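Novice: One structure is given below, represented as structure tokens, and several questions about it will come after.
Number of protein chains: 2
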Amino acid sequence: MVREALADHGRVVEVFALPEAAQRHPEIRAAADDAGVTWHLAEERAVSALAETVHSQGLVAVCRFLDRPVDDMLSAGTRLIAVCVDIRDPGNAGTVIRTADAAGADGVVLAGSSVDPYNGKAVRSSAGSLFHLPPALEPDAAGVLARLRGHGLQILAADGTGELLLDDAADSGVLARPTAWLFGNEARGLPPALAQLADDRVAIPIHGRAESLNLATAAAICLYASARAQRRPV
Amino acid sequence: MVREALADHGRVVEVFALPEAAQRHPEIRAAADDAGVTWHLAEERAVSALAETVHSQGLVAVCRFLDRPVDDMLSAGTRLIAVCVDIRDPGNAGTVIRTADAAGADGVVLAGSSVDPYNGKAVRSSAGSLFHLPPALEPDAAGVLARLRGHGLQILAADGTGELLLDDAADSGVLARPTAWLFGNEARGLPPALAQLADDRVAIPIHGRAESLNLATAAAICLYASARAQRRPV
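Here the protein sequences come in this chain order: A and B. Going by our numbering, the first sequence opens with residue 36, and the numbers climb by one from there. Going by our numbering, the second sequence opens with residue 36, and the numbers climb by one from there.
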């Protein structure tokens, strides 16, 4: 993660390292020096407190904020955006950012009253993707949808009770279009008024007896279905 | 979760409930009575300690173990099995069980030195699917693969460095065959010797800059790709 942060020019303010971690990663120390980033040797207690984890890796970077406006994600080539509405679990937020990055998405929006992406657990769950795909933070979810639609993206709401099955959306060519996916709160799903603003409400089929899927796994299935359809049209 | 447990005949030994939780869920109390399960009213401190969570729902069921041998998952209609090897994170184990249930899999095997599925976090992450799809616990991963192959399942290893792309496996019809998916440890992946035992090592394409996917999201993408291919052959 510190390596990814240092690769993002001007992002890192300073680094705190345990002596043994500094020795173990001379290339990270070199990258910090090249970037003109101050490097502090620190003791166990200080690094553990900064890292907020029981088993820290011994390296902590202090970074500038990196969120960006939604408009920064929109260009002529924009095909895939993930919009999370009121998601509360930091591990889910980080995992959605990591998965969106892997799926080649152009951006992630944390809309409504979603969790802070700078929460330590969100940062760690993103596994560096927070730096590859900095999210937009937008309290006004409906406003974001209007902007995305104005840019020519269709809006698909991931909704377990949706009228369109994901497999049908793939087979009919719907998924091949430039798309913004909407993902809702872990317990309550999407606000119904917002789901109604979408072009389609899409359900991942439940073949077994599970009631639903976890948010991050549902997002992974939807984003990868779009990535596949956009690269291999029917 | 307690409702799912009670629906699994003979599984629950006794239930501890806060008075307000008992009032909120009269149908669960009725299900316990119907099943002849002892119902104890308990105080906050006792239920919280049993629940191992900060915000408990106020209901705790004491259950019998429910793991089963791999052979119990094998019948003429068996098409999809998930085998987790040395996975350590209880949240991942529970999420894989929940996702496999949703994808209509016939079973989940926790092989090698995988985490205990009765860990509280694993149980909660499974969201009831632990009762729908009780896992097999098998220290001998290679032995499990031999049994699954002997039953006519192909073995696909989920492997970020694999030689077959998931999308190609779908397009070529490979995914339509009865399949056991192998998923490896969160940090180290699959033991190379075990990955070599698979018929194919399959990589989920990484379109962006993420180094890899989280184990549970990778499993979701693979299991749902198989579920789709088995129901909608090319």
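Positions of the beta carbon are idealized from the N, C-alpha and C atoms, including for glycine. Nothing here was measured: the structure is a model prediction, and the numbers come from that model.
Which of helix, strand or coil does DSSP assign to T214 (chain B)?
Specialist: Locating residue 214 (chain B) in the second sequence gives position 179, counting from the first residue. Residue state, collapsed to three classes: strand.
Novice: Assuming contact is defined by CB atoms lying nearer than 9 Å, are L188 (chain B) and A238 (chain B) in contact in what I supplied?
Specialist: Position 153 of the second sequence, counted from the start, is the residue given in the question as residue 188 (chain B). Position 203 of the second sequence, counted from the start, is the residue given in the question as residue 238 (chain B). It is not a contact, given that the beta carbons lie outside the stated cut-off.
Novice: C119 (chain A) bridges to which residues according to DSSP?
Specialist: For the purposes of this step, residue 119 (chain A) is taken as the residue at position 84 of the first sequence. Note: C119 (chain A) sits in a beta bridge opposite A:L145 and A:F218.
Novice: Starting from the beta carbon of T252 (chain A), find every residue of chain B whose beta carbon is closer than 7 Å, and list them in chain order.
Specialist: Position 217 of the first sequence, counted from the first residue, corresponds to residue 252 (chain A). Result: T130, T134, A251, T252 and A255.
Novice: Over what stretch of residues does the beta strand (DSSP E) that includes E198 (chain B) continue unbroken?
Specialist: Your numbering for residue 198 (chain B) matches position 163 in the second sequence. No beta strand (DSSP E) holds E198 (chain B); DSSP gives it neither H nor E.
Novice: Between the region 114-128 of chain B and the region 138-156 of chain B, do at least 3 Cβ pairs fall closer than 8 Å?
Specialist: Yes, they touch.
Novice: Return the first residue and the last residue of the beta strand (DSSP E) that E62 (chain B) is part of.
Specialist: Reading the second sequence from its first residue, position 27 is the one you call residue 62 (chain B). Run containing E62 (chain B): none in the beta strand (DSSP E); it sits in the alpha helix (DSSP H), P61 to D69.
Novice: Where does E49 (chain B) fall in DSSP's three states?
Specialist: Here the question's residue 49 (chain B) lines up with position 14 in the second sequence. In this structure, E49 (chain B) counts as strand in the three-state DSSP scheme.
Novice: Tell me which residues of the region 152-173 of chain A have at least one Cβ-Cβ distance to chain B shorter than 8 Å, keeping chain order.
Specialist: Flagged, chain order: S160, A162, G163, S164, H167 and L168.
Novice: Is L115 (chain A) near L258 (chain A), with beta carbons less than 9 Å apart?
Specialist: Along the first sequence, one-based indexing puts residue 115 (chain A) at 80. Along the first sequence, one-based indexing puts residue 258 (chain A) at 223. Yes, the Cβ-Cβ distance between L115 (chain A) and L258 (chain A) is below 9 Å.
Novice: What does a CB cutoff of less than 6 Å around P273 (chain B) pick up in its chain, not counting 5 residues either side in sequence?
Specialist: The requested residue 273 (chain B) is not part of the displayed model; chain B covers only 36 to 269.
Novice: Any beta carbon of chain B sitting closer than 9 Å to that of H31 (chain A)?
Specialist: No statement about residue 31 (chain A) is possible, as the shown extent of chain A runs from 36 to 269 and does not include it.
Novice: What number of angstroms, rounded off, separates the C-alpha of R64 (chain A) from the C-alpha of E78 (chain A)?
Specialist: Here the question's residue 64 (chain A) lines up with position 29 in the first sequence. Here the question's residue 78 (chain A) lines up with position 43 in the first sequence. If you take the alpha carbons of R64 (chain A) and E78 (chain A), they lie about 17 Å apart.
Novice: Flag this pair as yes or no: are the beta carbons of Q265 (chain A) and L210 (chain A) separated by less than 9 Å?
Specialist: The sequence position of residue 265 (chain A) within the first sequence is 230, counting from 1. The sequence position of residue 210 (chain A) within the first sequence is 175, counting from 1. A contact, by the Cβ cut-off of 9 Å.
Novice: For the candidate residues B:Q92, B:T130, B:P104 and B:G178, whose alpha-carbon lies nearest to that of P170 (chain B)?
Specialist: Within the second sequence, residue 170 (chain B) is the residue found at index 135, counting from 1. Considering only alpha carbons, the answer is B:P104.
Novice: Just tell me which of B:D68, B:A56, B:P268 and B:A162 has its CA closest to the CA of V48 (chain B).
Specialist: Counting from 1 along the second sequence, the entry for residue 48 (chain B) is found at position 13. That would be B:D68, whose Cα lies nearest to the Cα of V48 (chain B).
Novice: For the region 247-257 of chain B against the region 206-224 of chain B, do three or more pairs of beta-carbon atoms, one drawn from each stretch, fall closer than 8 Å, so that the two count as touching?
Specialist: yes
Novice: For G112 (chain A), decide whether its Cβ has a neighbour in chain B, counting only Cβ atoms nearer than 9 Å.
Specialist: For this step, residue 112 (chain A) is matched to residue 77 along the first sequence. No, its Cβ sits nowhere closer than 9 Å to a Cβ of chain B.
Novice: Assuming contact is defined by CB atoms lying nearer than 9 Å, are G243 (chain A) and A137 (chain B) in contact in what I supplied?
Specialist: The residue given as residue 243 (chain A) occupies position 208 in the first sequence. The residue given as residue 137 (chain B) occupies position 102 in the second sequence. Yes, the Cβ-Cβ distance between G243 (chain A) and A137 (chain B) is below 9 Å.
Novice: Can you give, in chain order, each stretch of the beta strand (DSSP E) that sits fully within the region 154-196 of chain B and has at least 3 residues?
Specialist: 171-173 and 189-193
Novice: Find the nearest neighbour of P226 (chain B) within the set B:V82, B:R99 and B:A177, judged by alpha-carbon distance.
Specialist: Within the second sequence, the letter at position 191 stands for residue 226 (chain B). Closest by alpha carbon: B:A177.
Novice: Quick one: measure Cβ to Cβ for R236 (chain A) and D194 (chain A), integer angstroms, because I've assumed they're closer than 8 Å.
Specialist: Taking the first sequence and counting its residues from 1, the one referred to as residue 236 (chain A) is at position 201. Taking the first sequence and counting its residues from 1, the one referred to as residue 194 (chain A) is at position 159. Between D194 (chain A) and R236 (chain A) the Cβ distance is about 4 Å, and since that is below 8 Å, they are a contact.
Novice: So, at 6 Å on beta carbons, what are the nonlocal neighbours of S261 (chain A) in its own chain, with the 5 sequence-adjacent residues on each side left out?
Specialist: Stepping through the first sequence from its first residue, residue 261 (chain A) is reached at position 226. These residues qualify, in order along the chain: L115, L210 and T214.
Novice: In three-state terms, what does DSSP make of R76 (chain A)?
Specialist: As a position in the first sequence, residue 76 (chain A) is number 41, starting the count at 1. The sequence shown places Leu at residue 76 (chain A), not Arg. Three-state DSSP puts L76 (chain A) in a strand.
Novice: 9 Å is my cut-off, CB to CB: does H271 (chain A) come that close to chain B?
Specialist: A question about residue 271 (chain A) goes unanswered here, because the residues of chain A that appear run from 36 up to 269.
Novice: Compare the C-beta of R59 (chain B) against all C-beta atoms of chain A and say whether one is closer than 9 Å.
Specialist: Here residue 59 (chain B) refers to the residue found at position 24 when the second sequence is read from its first residue. No, R59 (chain B) does not count as interfacial toward chain A.
Novice: For the alpha helix (DSSP H) holding A264 (chain B), just list the boundary residues, first then last.
Specialist: Numbered from its first residue, the second sequence carries residue 264 (chain B) at position 229. L250 to R266 is the span of the alpha helix (DSSP H), which, as asked, contains A264 (chain B).
Novice: Below 9 Å between beta carbons: does that hold for G142 (chain B) and M108 (chain B)?
Specialist: Here residue 142 (chain B) refers to the residue found at position 107 of the second sequence. Here residue 108 (chain B) refers to the residue found at position 73 of the second sequence. A contact, by the Cβ cut-off of 9 Å.
Novice: Going by DSSP, what residue range makes up the alpha helix (DSSP H) through A135 (chain B)?
Specialist: As a first step, residue 135 (chain B) must be located in the second sequence, where it is residue number 100. It spans P125 to A137 - the alpha helix (DSSP H) in which A135 (chain B) sits, taken as one unbroken run.
Novice: Under a CB-based cut-off of 9 Å, is R263 (chain A) close to chain B?
Specialist: On the first sequence, position 228 is the one that residue 263 (chain A) refers to. Yes - at least one Cβ of chain B is within 9 Å of the one on R263 (chain A).
Novice: Could you pull the start and end residues of the alpha helix (DSSP H) that V37 (chain A) belongs to?
Specialist: Looking up residue 37 (chain A) in the first sequence gives position 2. From DSSP, the alpha helix (DSSP H) with V37 (chain A) extends over V37 to A42.
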